[in-house]
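Peer 1:
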DNA sequence: CACCTTTAGGACCAAATTTATCCCTTTTAT
DNA sequence: ATAAAAGGGATAAATTTGGTCCTAAAGGTG
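The structure is reproduced here in structure tokens:
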């Protein structure tokens, strides 16, 4: 359970690739897709999300492509994951605290703890850190 | 992301109901389903899994039904969740450490941390605790 | 034994989600 | 103009989710 989907994996691979380019260097979606080993059209959708959320800057036409909108050290893994997978919510009842069935559910507190922990971990990892990691 | 499915929710509701019964009291699947507000045939499958894993004891025929196989204090939320949702694996690459694409993936360590944290949280909560919780 | 009750297990199915692909539009540089 | 790129919508196959249904097996009871 709790699995990241392909979309999430692709998103991470793609943005790490961008972070590994020389600062300011514009990358084509075709280039990122090839390097990250991700279907190009699918990755294009992912980067559209990134652009809408302000994680990357896109430009069209000749010489266009994608660049990080902020330093990689200012983009967290949480932002990247949530950009394509939505908010980290281990249980539906955490949305608006609506557990239904009369009264809050008994596991509410546990899931809130899980959510907080996972968010903290992912917030503590930047794309810069990942881009520099050699292994592990 | 990371959402528990209905199956997981139903599993938790069902086993908490069992834990709230007087010790040794046998419950019918129809009774548990009605009380937990879960489709009966679906819950039956869930309790089959519980029985196979030794979380509950089942008996057939007149007077049959389900009882906890151990004290509720000795059944963790993790066991219940994993019984129906499979192991807690935030990323596929944690299965056998096979990240593919030549070399371990850069996020491997992060996902392992997430996995460990979540497992620890869920291992720290017993069904007895949940059964006694009034709210939150 | 015959019959009823209850779980076990397999087959099946509809809906939702995932994992894409395709095509046309818009923007921009030359 | 034209070519190069991303933007955005429609579509679709595959997989997963969320069930249902039917028959079998096991265990009591008269």
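Protein chains in written order, with the working numbering: chain A, 1 to 136; chain B, 137 to 272. Just so it is clear, CB atoms sit at the ideal spot from N, CA and C, and this is done for glycine as well.
Just the chain A side, please: which residues come within less than 7 Å of residue 262 (chain B) by C-beta, in chain order?
Peer 2: By Cβ distance, chain A contributes nothing, its closest Cβ being about 11 Å from residue 262 (chain B), past 7 Å.
Peer 1: Which of helix, strand or coil does DSSP assign to residue 265 (chain B)?
Peer 2: Note: residue 265 (chain B) maps to helix in three-state DSSP.
Peer 1: Work out the CA separation of residue 197 (chain B) and residue 120 (chain A) for me, nearest whole Å.
Peer 2: In a straight line, the C-alpha of residue 120 (chain A) is about 50 Å away from that of residue 197 (chain B).
Peer 1: For the stretch 84–95 of chain A, which residues have a CB atom closer than 8 Å to at least one CB atom of chain B, in sequence order?
Peer 2: Under the 8 Å Cβ criterion, the stretch 84–95 of chain A contributes 85, 86, 87, 88, 89, 90, 91, 92.
Peer 1: Any idea what DSSP makes of residue 216 (chain B), helix, strand or coil?
Peer 2: In the structure shown, residue 216 (chain B) sits in a helix (DSSP, three-state: H, G or I).
Peer 1: Listing by chain order, which chain A residues have their CB less than 7 Å from the CB of residue 179 (chain B)?
Peer 2: Near residue 179 (chain B) there are no residues of chain A at all, since even the closest Cβ is about 15 Å away, more than 7 Å.
Peer 1: For residue 47 (chain A), collect the residues of the same chain with a Cβ closer than 8 Å to its Cβ; drop the 5 residues on either side in sequence, then sort them by chain order.
Peer 2: For residue 47 (chain A), where only same-chain residues beyond five positions count, the Cβ hits under 8 Å are 14, 29, 32, 56, 58, 66.
Peer 1: Closer than 9 Å by beta-carbon distance: list the chain A residues that pair up with residue 257 (chain B), in chain order.
Peer 2: Under the 9 Å cutoff, chain A gives 110, 113, 114, 117.
Peer 1: For residue 212 (chain B) versus residue 252 (chain B), is the C-beta spacing smaller than 8 Å?
Peer 2: Contact: no.
Peer 1: Specify the secondary structure class of residue 309 (chain B) as computed by DSSP and reduced to three states.
Peer 2: No answer is possible for residue 309 (chain B): the residues shown for chain B start at 137 and end at 272.
Peer 1: Tell me, please, whether the CB atom of residue 16 (chain A) is closer than 8 Å to any CB atom in chain B?
Peer 2: Chain B contact via Cβ: present.
Peer 1: For residue 148 (chain B) and chain A, any beta-carbon pair shorter than 8 Å?
Peer 2: With 8 Å as the cut-off, residue 148 (chain B) counts as an interface residue toward chain A.
Peer 1: According to DSSP, what are the bridge partners of residue 203 (chain B)?
Peer 2: Looking at the DSSP assignment, residue 203 (chain B) forms a beta bridge with B:193.
Peer 1: Quick one: Cα of residue 42 (chain A) to Cα of residue 210 (chain B), how far?
Peer 2: Computed Cα separation, rounded: 46 Å.
Peer 1: Return the CA-CA distance between residue 203 (chain A) and residue 51 (chain A), expressed in angstroms with no decimal places.
Peer 2: Given that chain A is displayed from residue 1 to residue 136, the structure contains no residue 203 (chain A) and the question cannot be resolved.
Peer 1: Distance check for residue 54 (chain A) and residue 118 (chain A), CA to CA, integer angstroms please.
Peer 2: Going from the Cα of residue 118 (chain A) to the Cα of residue 54 (chain A) covers about 23 Å.
Peer 1: Based on the DSSP output, what are the partners of residue 166 (chain B) in its beta bridges?
Peer 2: Bridge partners of residue 166 (chain B): none, in fact.
Peer 1: If you draw a straight line from the alpha carbon of residue 207 (chain B) to that of residue 1 (chain A), how long is it in whole angstroms?
Peer 2: One C-alpha to the other measures close to 26 Å.
Peer 1: Express the C-alpha separation of residue 25 (chain A) and residue 227 (chain B) in angstroms, rounding to a whole number.
Peer 2: Taking the straight line joining both Cα atoms gives about 30 Å.
Peer 1: Any beta carbon of chain B sitting closer than 8 Å to that of residue 81 (chain A)?
Peer 2: Yes, residue 81 (chain A) lies at the interface with chain B (some Cβ there is under 8 Å from its Cβ).
Peer 1: What is the residue span of the alpha helix (DSSP H) that residue 185 (chain B) lies within?
Peer 2: Unbroken alpha helix (DSSP H) run through residue 185 (chain B): 176–188.
Peer 1: State buried or exposed for residue 45 (chain A), treating a residue as buried only when at least 16 other CB atoms are found within 10 Å of its CB.
Peer 2: Exposed, by the Cβ-count rule.
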